[in-house]
Every structure is written in structure tokens, then in C-alpha cells.
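Here's the structure we're looking at; comments come further down.
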Amino acid sequence: MATKGKGGKKAQVRAGKASASKKTGAPADRSSSVGWKTAAGKVEPAKGKLGVMVVGLGAVATTMIAGVEAIRRGLASPVGSLTQMGTIRLGKRTDNKSPLIKDFVPLADLNDIVFTGWDIFEDNVYESAAHAEVLKPEILNQLKPYLETIKPMPAVFDRYYVKRLNGTHVKKGKNKLDLAQQVIEDIRAFKETVDRVVMIWCGSTEIFMEPAAVHQSIAAFERGLEKSDIAIAPSQIYAYAALKEGVPFANGAPNLTVDLPVMIELSKQNAAPICGKDFKTGQTFMKTVLAPAFKARMLGVKGWFSTNILGNRDGEVLDEPQSFRTKEESKLGSLEYIFQPEIYPELYKDIYHKIRINYYPPRGDEKEAWDNIDIFGWLGYPMQLKINFLCRDSILAAPIALDLVLFLDLAKRAPELRSIGIQEWLSFYLKSPQTPPGLYPEHDLFIQSMKLKNTLRHIMGADLITHLGLEYYD
Ligand SMILES: NC(=O)c1ccc[n+]([C@@H]2O[C@H](COP(=O)([O-])OP(=O)(O)OC[C@H]3O[C@@H](n4cnc5c(N)ncnc54)[C@H](O)[C@@H]3O)[C@@H](O)[C@H]2O)c1
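The numbering of the sequence shown is our numbering, which starts it at 1177 and goes up by one.
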């Protein structure tokens, strides 16, 4: 296990001052925040080391870890990361107060992050990153001594759930409960070396699964673990272990993992925040930008055809129909929710939405995506829009993974967020946002961005921003 902790006794994380200074731009006195609800309590400071446990040290994970180390050494900048580069406006436009988000809310500093993880292959992070071929050898070689120290712990894995992979670096146990207990032991050992822990799934996409009886309560799930119920996939075992230990959990894949009653219950019970699933990177990112634009202007849509070529290990896994189905379900949802065909049948009823992912090894991680969108305007006249996105999957996903880790750690330290379970304000990063039963998810990227920033303002006791702006015309 790769740990690089401060050692010694765990520092006590105490409630501290989150109010701020002129530098941060945060209100110095929360009680001065008028007209809006203020935070119920203070956000604890990010003291000491943040341990990040990554499940699956493949392309995304190694690109995140190597990237964080490159940034720490001043070799690169954190492009794509809202927590590192984003600002947040406070007060009126005329106040000219837009501090960096990381100066406004108490986020862990990149220098305080310690990584560890699990994988079904024994490769250390350097070897795995070299295999993924996302980052150039020049940069990887500079980081090699550090990356080589991060060696995966044996994973919880079963080929039944990811048919295209066959790893040997796996845990053995008499049943799934035993495997969960082993993951809990890994977490506890890591906790000894750091101050706080967050877990993120960057593992492969599992086969399509639906909630079963075993997922309906903690008691049912624990009985299911003991009986090694087939409805419990490895990703659920990691999530169970994390949430049981009070560790926030993010899911970068479309797997059925924390979107289950048992996990929501555990999340609330143990103050271990969870959020939706599946990093919103390439095509879906574009969809959740363009679809709101068409809808805002009341332009109709007849069809949306999306295809991809992708040659990395993720592409190979998704080439298998049952894993593809999990991904397809996650990708399909966004348009339906954004267009609200039940409210606008004339514009959006019966949209033909088709998604294809084609495994094409020569491309590696450098995915190419094509979208053809058939839209119609004034008097029903048809038009077309074509998008050709030549993106790099893991370059887009790595900053999202980092931000999710940092924000989940923040949520754990925020009295108003830590015990509510689902952190809907993190939907911004995810293809499948999670909401309580009966509440439809927000997919529109701009609503998601506003929700995220208002949540930060809210927990820090700053005024929310509605963009009404009438005060400028008094
Ligand atoms: N890159 C993107 O833009 C993007 C976007 C959305 C979602 N995702 C999802 O993120 C995940 C990671 O993507 P990637 O490109 O890094 O894939 P990858 O195949 O390079 O890495 C996945 C890693 O997980 C490991 N793994 C599989 N099952 C495991 C288990 N049970 N325990 C521990 N390790 C396990 C594999 O051995 C592999 O090293 C995939 O599920 C992918 O669908 C990626």
C-alpha cells in the first residue's frame, strides 16, 4: 500500500473559522448576511492530510494522480479544474469581489493529498500510466520516482461483472462480507496515516444491473453480503465499506453503486456524502450545454445521433454489450430530462436519440466523437448541426475526479451537508445526477453550475446570487 502520511497521532479536526478575510472576499461576519438563509454552522478547516483511495488505477486515475504531482511540482497548471482555477462572485456585480473558490471555501491543498488505491493488476501508478499512454513519457519520467511508490492493494473483483477483464491481483474471501471486511481493514490502516479519507471509483464499467431486494436496507444488504448475493457487485462492496467507515464516495462510472436505498441510508447514518455517477466529460458534456440552448430558444429537435471511436481499456470494456448497456442508460437520460417532452410535445416528443461507442484500438485514449443533430425552427423549417469533438477522455476526466474528491471532503466538513446523503450540487460533474426519490435530476450544465456555486455561498454564509439584478436600476 502506498501511503505517504505525516505519521504520528491523528490530528483532531476541529470546528474552525470559515469566515474570511479581505483576501478571500468571504463575509467577515455571517450575521451581516441579510435576506438569505445563513449557514447553520461553521465549515471545519481542511487541516492535515487528505487521503484519497482510488478504486481502479487505470487511465483516469493515473492521469489525475500524475497531474496532481506535476502541479505540486510546478510543472503544469490545473486546467479544467474548477476547484483550482475557478472563481466565485460574491455580492453585487459592482462590488468587484470574485475570489478563487479555493480561497473562499476551505478546500484541501493539493500538497496535502496522499493517494492510495486498489487494482486487479499489480502495476504501480507509473507502469499503469505508461500503459494508458495518456501522458507523454517526458512528463511521466520526471514523476516516475513518486508514481512508482503508489502500488495497488489487491482488489475485490469478479469477472462476472466485468467480462472483458481478467486480473489476478484480487482478494480472496469466504463470502462477500469477508471481502467487504478486508476493504474496511484497508481503509482503517490508511486512516492511521492521514487525517481524512475520500474514496473514488475510477474502475471499469460493470454489467448492467437493477436494484434488487438485497439493496433495500442495510440489514438486507448485510445478509446479502453473507450469502454472496449475485445482485451485489464489487463496486457496491467498496461503497459499502467506505460508507460504513464514514468515508465519502464518488462514482466515476455508470455502475449501480450508491444509487440504492442501502447506500443512501448508510451515507446519512455515517455522515459520508455521496453524489451521482459517471464523469460528464465529452459528448454528454456537450449535450448538456447545447440542449439547454435549443430549449431556451424554443427550437425543436427531431433526432440526435452520437457516435464515438475509442481505443483505450475503457473502450475495450464498453465493447462488451452488458457493460455498454450500463453506459448507454447513463448517457441517454440527459436529453429526456432537459427537453421535458411532456411539457413541450410539439418541440421534443419522439426525439430519435441514438448512441454508439465503437472500440477502435488505434485511437487509444484520444477519442473522437461525432454528433448529428436534426433541429427545426420558425414554421418548422429543418436545420442540422454537426459536432466533431476530438477529445482526450482522461484529460477531461482527471480534473473532474480531483474536484469531486475535494468537494466531497468539503461536504464532510460542512455541518449542513455532511449528513444529508446525496450532494445534488455535485451533479455538475456527472452524467447521471442523483436525487431523492420523486425529484427529477437537473442535467442543464448552467443550472448545475449555479447550484454548485450557490451551495458554496450558502455554506459559507454569503448571499446567494439570483441574477435578478434589479438593484442596479434603483
Ligand atoms: N475517461 C472518461 O472520460 C470517462 C468518462 C466517464 C466515465 N468514465 C469511467 O471511468 C472509469 C475509468 O475509466 P478509465 O478510462 O480509467 O478505464 P481503465 O480501463 O483505464 O481503468 C479502469 C481500471 O479499473 C480496474 N478495475 C476494474 N475493476 C476493478 C475492481 N473491481 N477493483 C479495482 N480495480 C478495478 C482495471 O483493472 C483498470 O486498471 C470507467 O468505468 C469509465 O467508463 C470515464
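Note that the Cβ used here is the ideal one computed from N, Cα and C, for glycine as well.
(request) Assess, as a yes-or-no matter, whether the region 1522-1540 is touched by the region 1474-1488 under the definition of 3 or more beta carbon pairs within less than 8 Å. (result) Judged by pairs of C-beta atoms under 8 Å, the region 1474-1488 touches the region 1522-1540, as three or more such pairs exist.
(message) Taking the alpha carbon of R1501 as the reference point, which residue from Y1337, L1311, K1218 and R1633 has its own alpha carbon closest?
(response) The count along the sequence shown starts at 1 and reaches residue 1501 at position 325. When only C-alpha atoms are compared, the closest one is Y1337.
(request) Take I1406 as the anchor and find which of Q1599, E1386, G1422 and A1418 has the nearest alpha-carbon. (result) Looking up residue 1406 in the sequence shown gives position 230. E1386 is the residue among Q1599, E1386, G1422 and A1418 whose C-alpha sits nearest the C-alpha of I1406.
(request) Using a threshold of 8 Å, state whether the C-beta atoms of E1600 and P1609 are closer than that. (result) Taking the sequence shown and counting its residues from 1, the one referred to as residue 1600 is at position 424. Taking the sequence shown and counting its residues from 1, the one referred to as residue 1609 is at position 433. It is a contact, given that the beta carbons lie within the stated cut-off.
(message) Can you give me the C-alpha to C-alpha distance between L1566 and G1232, rounded to a whole angstrom?
(response) Here residue 1566 refers to the residue found at position 390 when the sequence shown is read from its first residue. Here residue 1232 refers to the residue found at position 56 when the sequence shown is read from its first residue. Taking the straight line from one Cα to the other gives about 25 Å.
(message) Restricting to Cα atoms, I'd like to know which of K1525, G1491 and S1411 is closest to Y1536.
(response) Sequence index remark: in the sequence shown, residue 1536 carries index 360 (1-based). The shortest CA-to-CA distance from Y1536 to any of K1525, G1491 and S1411 is the one to G1491.
(message) Using C-beta distances below 8 Å, list every residue in its chain close to G1556, excluding the 5 sequence neighbours before and after it, in chain order.
(response) For this step, residue 1556 is matched to residue 380 along the sequence shown. These residues qualify, in order along the chain: G1476.
(request) Give the straight-line distance between the Cα atoms of I1264 and I1289, rounded to the nearest whole angstrom. (result) Within the sequence shown, the letter at position 88 stands for residue 1264. Within the sequence shown, the letter at position 113 stands for residue 1289. Whole-angstrom Cα-Cα distance: 23 Å.
(message) Going by DSSP, what residue range makes up the beta strand (DSSP E) through G1293?
(response) Looking up residue 1293 in the sequence shown gives position 117. Run containing G1293: I1289 to D1295, per the beta strand (DSSP E) assignment.
(request) Quick one: using the 10 Å Cβ neighbour count with 16 as the cut-off for buried, is P1575 buried or exposed? (result) Numbered from 1 along the sequence shown, position 399 holds the residue referred to as residue 1575. Label assigned to P1575: buried.
(request) Would you check if there are 3 or more beta carbon pairs closer than 8 Å linking the region 1386-1395 to the region 1334-1348? (result) Output reads no: the region 1334-1348 does not touch the region 1386-1395.
(request) Kindly examine ligand 1 and report whether one of its heavy atoms sits closer than 7 Å to the Cβ of D1295. (result) Indexing the sequence shown from 1 puts residue 1295 at position 119. Of the heavy atoms belonging to ligand 1, at least one sits nearer than 7 Å to the Cβ of D1295.
(message) In the DSSP output, which residue or residues are listed as bridge partners for R1372?
(response) On the sequence shown, position 196 is the one that residue 1372 refers to. In the DSSP assignment, R1372 is bridged to L1226.
(message) Please return the same chain residues whose Cβ sits closer than 8 Å to the Cβ of D1299, not counting the five positions on each side in sequence.
(response) Locating residue 1299 in the sequence shown gives position 123, where the first residue counts as 1. Closer than 8 Å at the Cβ level, and outside the excluded window around D1299, lie L1233, H1307 and P1328.
(request) With R1589 as the anchor, note down where its alpha helix (DSSP H) starts and where it stops. (result) For the purposes of this step, residue 1589 is taken as the residue at position 413 of the sequence shown. Bounds of the alpha helix (DSSP H) holding R1589 are D1569 to R1589.
(request) Identify whether V1332 lies in helix, strand or coil by the three-state DSSP scheme. (result) Start at 1 with the first residue of the sequence shown, and residue 1332 comes out as number 156. Residue state, collapsed to three classes: coil.
(message) Below 8 Å on the Cβ atoms is my contact criterion, and I expect Q1589 with V1219 to pass it. Report the Cβ-Cβ distance as a whole number of Å.
(response) Position 413 of the sequence shown holds residue 1589. Position 43 of the sequence shown holds residue 1219. The sequence shown places Arg at residue 1589, rather than the Gln named in the question. Your pair R1589 and V1219 checks out as a contact, with CB atoms roughly 5 Å apart and the cut at 8 Å.
(request) Tell me whether S1482 sits in a helix, a strand or coil according to DSSP, three-state version. (result) Residue 1482 sits at position 306 when you count from the first residue of the sequence shown. The three-state reading of DSSP puts S1482 in strand, counting E and B together.
(request) Since I believe D1547 is in contact with M1462 (beta carbons under 8 Å), could you give me their beta-carbon distance rounded to a whole number of angstroms? (result) Here residue 1462 refers to the residue found at position 286 when the sequence shown is read from its first residue. Here residue 1547 refers to the residue found at position 371 when the sequence shown is read from its first residue. That pair is a contact at about 7 Å.
(message) Am I right that E1309 and D1541 are in contact with their C-beta atoms under 8 Å? What's the rounded C-beta distance?
(response) Counting from one through the sequence shown, the residue named residue 1309 turns up at place 133. Counting from one through the sequence shown, the residue named residue 1541 turns up at place 365. The pair is a contact, with the Cβ atoms about 7 Å apart (cut-off 8 Å).
(message) I'd like to check one pair, D1435 with I1514: are the Cβ atoms closer than 8 Å?
(response) Within the sequence shown, residue 1514 is the residue found at index 338, counting from 1. Within the sequence shown, residue 1435 is the residue found at index 259, counting from 1. The Cβ atoms of I1514 and D1435 lie no closer than 8 Å to each other.
(message) Less than 8 Å between C-beta atoms, sequence neighbours within five positions excluded: which residues of the same chain meet that for M1261?
(response) As a first step, residue 1261 is located in the sequence shown; it is residue number 85 there, counting from the start. Excluding the 5 residues flanking it on each side, M1261 has same chain C-beta neighbours closer than 8 Å at S1253, P1254, V1255 and L1276, in chain order.
(request) Say yes only if the C-beta of C1378 is nearer than 7 Å to one or more non-hydrogen atoms of ligand 1, and no if none qualify. (result) What you label residue 1378 is simply residue 202 of the sequence shown in a count that begins at 1. C1378 Cβ: within cutoff of ligand 1.
(message) Taking 7 Å as the limit between beta carbons, can you name the residues of its chain near G1349, skipping five residues before and five after?
(response) As a first step, residue 1349 must be located in the sequence shown, where it is residue number 173. Same-chain partners within the cutoff: L1355 and Q1358.
(message) Nearer than 7 Å: is that true of the beta carbon of R1539 relative to any heavy atom of ligand 1?
(response) Counting from one through the sequence shown, the residue named residue 1539 turns up at place 363. No - ligand 1 has no heavy atom lying nearer than 7 Å to the Cβ of R1539.
(message) For a test of the three-state rule: what should DSSP assign to K1627, helix, strand or coil?
(response) Position 451 of the sequence shown, counted from the first residue, corresponds to residue 1627. When DSSP states are grouped into helix, strand and coil, K1627 belongs to the helix group.
(message) Give me the residue from A1577, P1437, M1229 and P1221 with the minimum Cα distance to F1280.
(response) For the purposes of this step, residue 1280 is taken as the residue at position 104 of the sequence shown. Nearest option by C-alpha distance: P1221.
(message) Let me check you understand the geometry: is the CB of F1461 closer than 7 Å to at least one non-hydrogen atom of ligand 1?
(response) What you label residue 1461 is simply residue 285 of the sequence shown in a count that begins at 1. No - ligand 1 has no heavy atom lying nearer than 7 Å to the Cβ of F1461.
(message) Does the distance between the C-beta of D1650 and the nearest non-hydrogen atom of ligand 1 fall short of 7 Å?
(response) If you number the sequence shown from 1, residue 1650 lands on position 474. Not so, every heavy atom of ligand 1 lies at least 7 Å from the Cβ.
(request) Would you tell me roughly how many angstroms separate the C-alpha atoms of N1484 and K1543, rounded to the nearest one? (result) Working through the sequence shown from its first residue, we reach residue 1484 at position 308. Working through the sequence shown from its first residue, we reach residue 1543 at position 367. Taking the straight line joining both Cα atoms gives about 7 Å.
(request) Say yes only if the C-beta of A1418 is nearer than 7 Å to one or more non-hydrogen atoms of ligand 1, and no if none qualify. (result) By one-based count along the sequence shown, residue 1418 stands at place 242. Of the heavy atoms belonging to ligand 1, none sits nearer than 7 Å to the Cβ of A1418.
(request) Out of S1380, E1421 and A1395, point me to the one whose CA is closest to A1409's CA. (result) Looking up residue 1409 in the sequence shown gives position 233. Closest by alpha carbon: S1380.
(request) Figure out for me which residue from I1383, V1581, M1474 and A1467 has the closest Cα to the Cα of T1433. (result) Position 257 of the sequence shown, counting from 1, holds the residue named residue 1433. Of the candidates I1383, V1581, M1474 and A1467, the one whose C-alpha sits nearest the C-alpha of T1433 is I1383.
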